[in-house]
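Student:
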Amino acid sequence: MVEMEITGIILDAASYQPIVLLRDPGGRRQVPIWVDKVQAHSIIFGLKGLHPPRPMTHDLMLNLFQVAELEFDRIIISSIQDSTFHAELRLRRQDQTMVSLDCRPSDAIALAVRSKASIWMVEEVVSDASIPVDAEADAVDMEAFHKAIADISPAELIRRSGVNLDSSGGTTDSWDDHCPGESSESGS
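With full-length UniProt numbering, the residue at position 173 of the sequence shown is 173, and numbering never jumps.
Following this line, the structure appears as structure tokens:
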């Protein structure tokens, strides 16, 4: 099993459906899990530590676990069948025996972020559903980008991009007219 961490929630560009991104500790594999908007909202509330005036469903579930003296130990995303992920909650009783409850990954993640429980995924699921991520290459690319633009003034960056700032459709005679304090003569 692989312990995963939430790296973010994004929107699918085509369907606008939220996607929870889980990444392995090495940062080399990322697993996208599509969730509905209500679940995404609940996960975001948990990630940000927001507490509504009245308990939301996942808050209520955690309260019930507490009253029943069940400790929320972890979640396990245990399988993927026909593009659907399956998860289980692992709860610990007072006598230290474990209880497993079948649930949707979105509910499990919403509960985990509220209770600070760990998120685990079976290795086979990570292998089957992950997208390779090259965090090191991403960091190198960002560093190269920052170095490339570090010595370029905003005026020069705009000029190199070919953007015309003259709203009339003509050419701009002077960058200085649009951006006081930036000399059009610097950096060329």
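Where a beta carbon is used, it is the ideal one built from N, C-alpha and C, also for glycine.
Everything numeric in this text was worked out from a predicted model, so none of it was measured.
(1) Tell me whether V125 is buried or exposed, calling it buried when 16 or more other Cβ atoms sit within 10 Å of its Cβ.
(2) Starting from A14, follow the beta strand (DSSP E) in both directions and report where the run begins and ends.
(3) Within its chain, find whatever has a CB closer than 8 angstroms to the CB of residue 189; leave out the 5 residues flanking it on each side and keep chain order.
(4) Quick one: using the 10 Å Cβ neighbour count with 16 as the cut-off for buried, is S183 buried or exposed?
(5) Do you know offhand how far F85's Cα is from I119's?
(6) Which ranges does the alpha helix (DSSP H) cover as unbroken runs of at least 4 residues, wholly within the stretch 21-93, from first to last along the chain?
(7) Return the CA-CA distance between S115 and E3, expressed in angstroms with no decimal places.
(8) Secondary structure at residue 190, three-state DSSP: helix, strand or coil?
(9) What's the call for H58, buried or exposed, on a 16-neighbour Cβ count within 10 Å?
(10) Among all the DSSP beta bridges, which residues are the ones paired with I2?
(11) Spell out the partners DSSP gives D102 in its beta bridges.
(12) Quick check on residue 191: buried or exposed, where buried means 16 or more other Cβ atoms within 10 Å of its Cβ?
(13) Closest to D107 by CA distance: which of L11, I44, P25 and A13 is it?
(14) Can you find the residues in the same chain that come closer than 8 angstroms, C-beta to C-beta, to P55, ignoring five residues on each side of it along the sequence?
(15) Give me the Cα-Cα distance between S130 and I10, rounded to the nearest whole angstrom.
Tutor: Straight from the coordinates:
(1) buried
(2) Per DSSP, A14 belongs to no beta strand (DSSP E) and is neither H nor E.
(3) Only positions 1 to 188 of the chain appear in this structure, which leaves residue 189 out of reach.
(4) The predicted position of S183 is uncertain, since its pLDDT is 42 and thus under 50; a value taken from the coordinates is nonetheless stated next. Exposed.
(5) 14 angstroms
(6) 37-48 and 57-67
(7) 16 angstroms
(8) Absent from the structure is residue 190, since the part of the chain shown begins at 1 and ends at 188.
(9) buried
(10) It is worth fixing the name first, because residue 2 is Val in this sequence and not Ile. DSSP, once it has assigned bridges, lists M121 as partnering V2.
(11) E88
(12) Absent from the structure is residue 191, since the part of the chain shown begins at 1 and ends at 188.
(13) I44
(14) N63
(15) 16 angstroms
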